[in-house]
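What follows is a short report on a single structure.
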Amino acid sequence: MEQNVEDYKLIFEKEGVYLHTNAKRSNQDTTIPGFIRIVERAGVPALEWSPLEDEGRSAPAVLYTRKEGEGGEEDTNFDPGYEPDWAVISTVKKDRDHAPVKESGQWAFSLPLSELYSLRRARFSLGRNFLVLTSRGGHPLPPLHFHRGGTRELLRALHRYIILDPSPVDGRLFLAYPNDSGEQSQAFDRLQLLDDGGSDLVTRFIHDPYATTFGGFSKVTNFFRAALRPPESPIHPRTVQDPSLPPQPDDEPGFELITCGVELGPRPDVTRGQPLDKWEEFLDPEGRVQNPERIKELVFRGGITPTLRKEAWKFLLGFYPWNSTRKERDDILRVKTDEYFRMKVQWKSISEEQEMRNSLLRGYRNLIERDVSRTDRHNTFFSGNDNPGLTLLHDVLMTYCMYNFDLGYVQGMSDLLAPLLFVTQNEVESFWCLTGFMELVHQNFEESQEAMKQQLLQLSILLKALDPELCDFLDSQDSGSLCFCFRWLLIWFKREFSFEDILTLWEVLWTRLPCENFHLLIACSILESQRGELIGSDHDFNTILKHINELTMKLDLQSVLRGAEAIYLQLIQCKELPVKVQGVLGLYVPSSSEESSPDSQTSETDRLLIQTQAGAASSNPAPPPPTYP
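At the far end of the sequence shown sits residue 629, using UniProt numbering, and the numbering has no gaps.
Below, the structure is given as structure tokens:
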């Protein structure tokens, strides 16, 4: 390279560092050998990678810097990509500004060390080490694979300029801070990734969550992963040369610190039960439900017989209180019917002229009309033109906009309503069941998307405890954010299972047994069922998306449910379960002081709590599988 000696200084260089790309669509090689370097340009240190074929050229292809005033925000010209069929996940990662792919096929980057936000190192299976870097602007850099070793030497060289602070949640994740103790107390605030710098794309994604491709969403593949360190955690800088760190069984000791996996013990066998097929025997002479917890347990164990769903769903979704009498339910239905039609009249009576001056309502109506025309049309209740079921679907969604005008209508809500309308066969009852369902999931549809970010983080925490090798593989293929699970969580697997299976799955989840986040364990069960196919192949980012998309209608619900419950039982019986995992499962709510502690292992009190709950689950004499309080 021709460099001005006064402006350029080579600090570190290592050959045999490969970039694993997702460029199959353009017939480019997906494994590119190159050099990793630390250089100083005009006194500014930077981490650079360039392919062997680019040696001799004067500069890298991409410079990861932020212009004055940008604040790390997404490029406003970025096109996330839109598909006419929202149900198909895109399997093509689009070229975009500030990404390491260039039109010439040239791959390279230069990242000033002041812009390095986080660094994660892992080892995939029996293979080589790889590093995942994230910039402060949230720009994803492809994982760097060290085919000839050298990560320890690189980290030592980086230590000259920055401090790498390990996350208390994931010992392989390090946040980068300036090598200046005076700045460390403010470093995290300046390095926040979950701020407006990444939220713009997520917001735009959620405005049309199905039309937007996951290829576009991959712009923020590191968006969630880099936030594993909770903002309230104090900073305890430790470097790769800290002698107090325990030695690791790795070829480069002193960096990985702790593995994400814990000794979970054997996973128990779980059996499913028969659907709830009796209802009247649970009612007293006045119609009160005598043992709602027993009903929930039976529903969780086996679902509900189709003939009983119309009645039982209204209790599970809060339309009727469990302790209400028949007369009280008649009164509730009468009052709720009047309330529903009062709200329906509100939007039905709006004239065209009024609606022309109400852009928000007009926007809701347009979205609803578009989504109704493509919701579950294979089902006879909604098939054909001028189907009464479509009219009911439209009217209930429009009325919900009047009921909750702040939220209004967001794409995906039609998918939640369709099964409710199919089961109840009643406009009023389906509406109030929808409001009960939305009480559980409304945060999924809020513009801030904080709930979706949190759920993806929680899913990542669970998967790291259950299967760190699978997490390492996904990280190595730029898929560690689990963004391909977004649709699963958004509409509770509605597009992944058959219509009949969804009826069973939802009623199981509505019991809130054995924990409120059981849907995350469902996701873990699905991912673990696919680990052999994923790890045992040459999947990259695109083909992982393709594989996940092609699981639709191919999953066995009962097997997935057994796997999810077995995971729960395995976790709660672990005596060393990390506090973060306990929190996801609802086993433990830490105090404010404990939340800020960097120690992610359970205390003796925590262990007693887990043992107590695990013992309660395993000693209950009800059906052979454990029951849940």
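Heads up, the beta-carbon is just placed ideally off N, CA and C, and yes, glycines get one too.
- Message: For residue 579 and residue 452, what's the separation of their Cα atoms in angstroms?
- Response: 21 Å
- Query: Who are the Cβ neighbours of residue 631 in its own chain at under 6 Å, not counting the five residues just before and after it?
  - Reply: This structure does not reach residue 631, given that the chain is present from 1 up to 629, and the question cannot be answered.
- Near residue 488, what residues of its chain come up, given a Cβ to Cβ distance below 7 Å and the 5 sequence neighbours on each side ignored? 496, 523
- Could you pull out every residue in the same chain whose Cβ sits closer than 7 Å to the Cβ of residue 322, ignoring the five residues on either side in sequence? 289, 292, 315
- Item | 9 Å Cβ cutoff met for residue 396 and residue 434 | yes
- Message: Just to confirm my understanding: we take residue 574, look at its own chain, exclude 5 residues before and 5 after, and list those with CB closer than 8 Å. What are they?
- Response: 262, 263, 264, 265, 610
- Query: Exposed or buried, residue 351, counting other C-beta atoms within 10 Å across all chains shown (16 or more means buried)?
  - Reply: exposed
- Message: According to DSSP, simplified to helix, strand and coil, what is residue 104?
- Response: In this predicted model, residue 104 has a pLDDT of only 31, less than 50, meaning its place in the structure is not dependable enough to derive any value.
- In chain order, what residues of the same chain have a beta carbon less than 6 Å from the beta carbon of residue 408, not counting five sequence neighbours either side? 364, 401
- Query: In chain order, which alpha helix (DSSP H) runs of at least 4 residues are fully inside the stretch 423 to 511?
  - Reply: 427 to 441, 450 to 466, 468 to 476, 486 to 490, 499 to 510
- Query: Whose C-alpha, out of 111, 48, 142, is nearest the C-alpha of residue 478?
  - Reply: 142
- Three-state secondary structure assigned by DSSP to residue 90: Low local confidence applies: a pLDDT of 33 at residue 90 is under 50, so the model's placement there is unreliable, with the coordinate-based value given in what follows. In this structure, residue 90 counts as coil in the three-state DSSP scheme.
- Message: Tell me the rounded alpha-carbon separation between residue 101 and residue 414.
- Response: Legend: pLDDT at residue 101 = 34, less than 50; position of this residue unreliable, value from coordinates given subsequently. Spanning the two alpha carbons is a distance of roughly 38 Å.
- Task: Report, in whole angstroms, the separation of the C-beta atoms of residue 520 and residue 462, which I expect to be a contact under 8 Å.
- Result: 6 Å
- residue 542: buried (16+ other C-beta within 10 angstroms of its C-beta) or exposed? buried
- Message: Quick check on the DSSP output: the beta strand (DSSP E) that includes residue 39 runs from which residue to which?
- Response: 31 to 41
- Under the three-state DSSP convention, the category residue 165 falls into: strand
- Quick one: grab the DSSP three-state call for residue 352. helix
- Item | Classification of residue 405 by the beta-carbon crowding that lies within 10 angstroms, buried from 16 upward | exposed
- Would a C-beta distance cut-off of 9 Å place residue 485 and residue 527 closer than the cut-off? yes
- Contact check, residue 535 vs residue 585, beta carbons under 9 Å: no
- Query: According to the Cβ coordinates, are residue 317 and residue 432 closer than 9 Å?
  - Reply: yes
- Task: May I have the straight-line CA-CA distance separating residue 13 from residue 157, to the nearest angstrom?
- Result: 10 Å
- Item | Beta-ladder partner(s) of residue 304, from DSSP | 276
- Query: Tell me the DSSP bridge mates of residue 135?
  - Reply: 116
- Query: In chain order, what residues of the same chain have a beta carbon less than 7 Å from the beta carbon of residue 561, not counting five sequence neighbours either side?
  - Reply: 272, 508
- Among the residues of its own chain, which have a CB less than 7 Å from the CB of residue 41, if the five just before and after it don't count? 7, 8
- Message: Taking the beta strand (DSSP E) that residue 317 belongs to, which residues open and close that run?
- Response: Run containing residue 317: none; DSSP gives neither H nor E here.
- Endpoints, alpha helix (DSSP H) assigned at residue 519: 518 to 529
- Residue environment, residue 112, which counts as buried when at least 16 other CB atoms sit within 10 Å: buried
- What do you get for residue 229, buried or exposed, if any count of 16 or more other CB atoms within 10 angstroms of its CB means buried? Unreliable positioning characterises residue 229 in this predicted model, as indicated by a pLDDT of 37, which lies under 50. A coordinate reading is not provided.
- Message: Is it buried or exposed, residue 52, if we count other Cβ atoms within 10 angstroms and call 16 or more buried?
- Response: exposed
- Selected residue, minimal CA-CA separation from residue 398, among 384, 343, 525: 343
- Query: Excluding the five sequence neighbours on either side, which residues of its own chain have a C-beta within less than 7 Å of the C-beta of residue 99, listed in chain order?
  - Reply: Any reading at residue 99 must be qualified, since the residue scores a pLDDT of 36, below 50, and its modelled position is unreliable; the value itself is stated next. Result list for residue 99: empty, nothing under 7 Å.
- Buried or exposed by the 16-neighbour rule on C-beta atoms within 10 Å, applied to residue 10: exposed
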